[in-house]
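S.K.:
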Amino acid sequence: MARPSPLEIYALLDKSNCKDCGRDTCMAFATDLLERNVVVQDCSHLMQDPKQAK
1 MARPSPLEIY ALLDKSNCKD CGRDTCMAFA TDLLERNVVV QDCSHLMQDP KQAK
């Protein structure tokens, strides 16, 4: 399986650039995720319960 690109990871994010993860942008988070400088759990939007997101 090929390693995804930062753009492919970015496409899965909410693109809010909220900075809750400590990064300035969701693209920076996607890049750092690929470089293993952050973990998925650092993104509060990904960890939200979809039922509570509304």
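Counting in full-length UniProt numbering, the sequence shown runs from 1 upward without gaps. Glycine included, each C-beta is placed from N, C-alpha and C at the ideal position. Treat the numbers as computed from the prediction; the structure is a model and nothing was measured.
Mapping the DSSP letters down to three states, classify M27 as helix, strand or coil.
M.R.: Of the three classes helix, strand and coil, the one that applies to M27 here is helix, per DSSP.
S.K.: Determine the burial state of A11: buried for a count of at least 16 other Cβ atoms within 10 Å of its Cβ, exposed for fewer.
M.R.: So A11 counts as exposed.
S.K.: Tell me whether V39 sits in a helix, a strand or coil according to DSSP, three-state version.
M.R.: Reduced to three states, the DSSP call for V39 is coil.
S.K.: So, is L46 buried or exposed, given that buried needs 16 or more other C-beta atoms within 10 angstroms?
M.R.: Its Cβ having fewer than 16 others within 10 Å, L46 is exposed.
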